[in-house]
Amino acid sequence: MINFSNLDPILHYKLDPGEWGSSAPSSAAFSIGRVSTHEADNISRFKKQAIQKGCYVVSSSVSLNISKQGEYLAATSGKSQVIVYCPKKDENKYYKQLVPNINNQINQLKEQEKYTNNPVQKDEILRKIENLKFQKQTFKAIEQYAKDTINMSLIDFSV
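Residue numbers (the numbering used here): 361 to 519.
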(Lines of atoms letter the chains of each structure in order from A; the text may use other names.)
(Lines give C-alpha, C1' and ligand atoms only; values in the text may rest on other atoms or scores of the structure.)
Protein backbone atom coordinates (compact mmCIF):
# COMPACT_ATOMS: atom_id res chain seq x y z
CA MET A 361 0.00 0.00 0.00
CA ILE A 362 1.35 3.43 -0.99
CA ASN A 363 1.35 6.15 1.62
CA PHE A 364 0.74 9.27 -0.48
CA SER A 365 1.63 11.64 2.35
CA ASN A 366 5.23 10.43 2.05
CA LEU A 367 5.33 11.52 -1.61
CA ASP A 368 4.60 15.18 -0.79
CA PRO A 369 5.45 15.69 2.89
CA ILE A 370 4.51 18.77 4.86
CA LEU A 371 7.54 20.87 5.81
CA HIS A 372 7.55 23.00 8.96
CA TYR A 373 9.58 26.20 9.11
CA LYS A 374 11.01 28.35 11.90
CA LEU A 375 11.66 32.06 11.63
CA ASP A 376 14.88 33.56 12.91
CA PRO A 377 14.46 35.50 16.18
CA GLY A 378 12.93 38.89 15.38
CA GLU A 379 12.21 37.94 11.76
CA TRP A 380 8.90 38.97 10.23
CA GLY A 381 6.73 36.64 8.22
CA SER A 382 4.74 33.45 8.43
CA SER A 383 6.14 30.20 9.73
CA ALA A 384 3.19 28.29 8.30
CA PRO A 385 3.97 24.80 7.02
CA SER A 386 4.07 24.02 3.31
CA SER A 387 3.97 20.90 1.21
CA ALA A 388 7.24 19.95 -0.46
CA ALA A 389 5.69 20.67 -3.86
CA PHE A 390 5.09 24.33 -2.96
CA SER A 391 8.08 24.87 -0.68
CA ILE A 392 10.38 26.60 -3.19
CA GLY A 393 7.71 29.18 -3.98
CA ARG A 394 6.92 29.68 -0.30
CA VAL A 395 10.53 30.08 0.88
CA SER A 396 11.61 32.24 -2.09
CA THR A 397 8.61 34.54 -1.55
CA HIS A 398 9.48 34.84 2.13
CA GLU A 399 13.11 35.70 1.33
CA ALA A 400 12.05 38.22 -1.37
CA ASP A 401 9.83 39.88 1.26
CA ASN A 402 12.87 40.08 3.55
CA ILE A 403 14.86 41.81 0.79
CA SER A 404 12.02 44.30 0.24
CA ARG A 405 11.90 45.03 3.97
CA PHE A 406 15.68 45.55 4.10
CA LYS A 407 15.51 47.92 1.12
CA LYS A 408 12.69 49.91 2.73
CA GLN A 409 14.68 50.23 5.96
CA ALA A 410 17.74 51.39 4.00
CA ILE A 411 15.75 54.09 2.19
CA GLN A 412 14.26 55.32 5.46
CA LYS A 413 17.78 55.71 6.88
CA GLY A 414 19.05 57.55 3.78
CA CYS A 415 21.16 54.60 2.67
CA TYR A 416 21.54 52.80 -0.64
CA VAL A 417 21.25 49.11 -1.39
CA VAL A 418 24.31 48.14 -3.40
CA SER A 419 23.60 44.43 -3.72
CA SER A 420 21.04 41.88 -2.63
CA SER A 421 20.94 38.12 -2.87
CA VAL A 422 18.77 35.18 -1.91
CA SER A 423 19.91 31.59 -1.48
CA LEU A 424 17.79 28.53 -0.81
CA ASN A 425 18.80 25.26 0.79
CA ILE A 426 17.34 22.51 -1.36
CA SER A 427 16.94 18.84 -0.47
CA LYS A 428 14.86 15.90 -1.68
CA GLN A 429 11.68 15.57 0.35
CA GLY A 430 9.40 12.76 -0.79
CA GLU A 431 9.20 12.96 -4.57
CA TYR A 432 10.19 16.65 -4.74
CA LEU A 433 13.20 18.89 -4.51
CA ALA A 434 12.10 21.17 -1.70
CA ALA A 435 13.38 24.36 -0.11
CA THR A 436 14.11 23.55 3.51
CA SER A 437 15.40 27.03 4.41
CA GLY A 438 16.59 30.26 2.86
CA LYS A 439 18.91 33.19 3.40
CA SER A 440 18.56 36.77 2.20
CA GLN A 441 21.42 39.24 2.26
CA VAL A 442 21.63 42.95 1.45
CA ILE A 443 24.74 45.13 1.22
CA VAL A 444 23.94 48.72 2.16
CA TYR A 445 25.99 51.90 1.71
CA CYS A 446 25.23 54.88 3.97
CA PRO A 447 27.12 57.91 2.58
CA LYS A 448 26.58 60.39 5.41
CA LYS A 449 26.78 58.12 8.41
CA ASP A 450 29.57 57.83 10.95
CA GLU A 451 29.76 54.11 10.26
CA ASN A 452 31.54 54.96 7.01
CA LYS A 453 34.58 55.98 9.05
CA TYR A 454 34.91 52.26 9.70
CA TYR A 455 34.54 51.55 5.98
CA LYS A 456 37.32 54.00 5.10
CA GLN A 457 39.60 52.13 7.52
CA LEU A 458 38.89 48.76 5.91
CA VAL A 459 41.08 49.14 2.80
CA PRO A 460 44.20 50.31 4.71
CA ASN A 461 43.60 47.51 7.23
CA ILE A 462 43.39 44.98 4.39
CA ASN A 463 46.60 46.40 2.90
CA ASN A 464 48.34 45.92 6.27
CA GLN A 465 47.12 42.33 6.48
CA ILE A 466 48.36 41.65 2.93
CA ASN A 467 51.79 43.10 3.76
CA GLN A 468 52.04 41.01 6.93
CA LEU A 469 51.14 37.85 5.03
CA LYS A 470 53.71 38.65 2.32
CA GLU A 471 56.38 38.97 5.01
CA GLN A 472 55.25 35.66 6.52
CA GLU A 473 55.40 34.01 3.11
CA LYS A 474 59.03 35.12 2.63
CA TYR A 475 60.12 33.22 5.73
CA THR A 476 57.99 30.11 5.27
CA ASN A 477 59.61 27.02 3.79
CA ASN A 478 56.65 24.66 4.07
CA PRO A 479 54.88 24.55 0.65
CA VAL A 480 51.48 23.81 2.22
CA GLN A 481 51.79 26.86 4.49
CA LYS A 482 52.97 28.99 1.54
CA ASP A 483 49.90 27.96 -0.46
CA GLU A 484 47.63 28.80 2.48
CA ILE A 485 49.27 32.22 2.88
CA LEU A 486 48.97 32.94 -0.86
CA ARG A 487 45.30 31.91 -0.76
CA LYS A 488 44.68 34.32 2.13
CA ILE A 489 46.43 37.11 0.21
CA GLU A 490 44.23 36.49 -2.85
CA ASN A 491 41.09 36.52 -0.66
CA LEU A 492 42.12 39.83 0.89
CA LYS A 493 42.83 41.33 -2.54
CA PHE A 494 39.37 40.26 -3.66
CA GLN A 495 37.82 41.86 -0.56
CA LYS A 496 39.68 45.08 -1.26
CA GLN A 497 38.45 45.15 -4.87
CA THR A 498 34.91 44.48 -3.68
CA PHE A 499 34.99 47.37 -1.18
CA LYS A 500 36.37 49.72 -3.83
CA ALA A 501 33.71 48.63 -6.32
CA ILE A 502 30.95 49.20 -3.76
CA GLU A 503 32.32 52.65 -2.95
CA GLN A 504 32.55 53.57 -6.64
CA TYR A 505 29.06 52.27 -7.33
CA ALA A 506 27.65 54.33 -4.47
CA LYS A 507 29.46 57.47 -5.67
CA ASP A 508 28.24 56.96 -9.24
CA THR A 509 24.70 56.31 -8.06
CA ILE A 510 24.69 59.40 -5.84
CA ASN A 511 26.09 61.55 -8.66
CA MET A 512 23.41 60.34 -11.07
CA SER A 513 20.65 60.70 -8.44
CA LEU A 514 19.21 57.52 -9.88
CA ILE A 515 18.90 54.55 -7.60
CA ASP A 516 17.14 51.31 -8.48
CA PHE A 517 15.42 49.80 -5.45
CA SER A 518 13.37 47.27 -7.42
CA VAL A 519 13.33 43.66 -6.30
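Even glycine gets a Cβ: it sits at the ideal position worked out from N, Cα and C.
- The beta carbons of A389 and Y432 sit about 5 Å from each other, so the pair counts as a contact at 8 Å.
- DSSP, read as helix, strand or coil, puts L424 in strand.
- Beta-carbon to beta-carbon, G381 and D368 are separated by about 23 Å, too far to satisfy the 8 Å threshold.
- Bounds of any beta strand (DSSP E) do not take in K413, whose DSSP letter is neither H nor E.
- Beta bridge pairing from DSSP links I392 with no other residue.
- A straight line joining the alpha-carbon of T476 with that of L486 spans about 11 Å.
- The beta-carbon separation of G438 and H398, rounded to 7 Å, stays under the 8 Å limit for a contact.
- In the DSSP assignment, Y373 falls outside any beta strand (DSSP E), carrying neither H nor E.
- Annotation: N461 to A435 spans about 39 Å, alpha carbon to alpha carbon.
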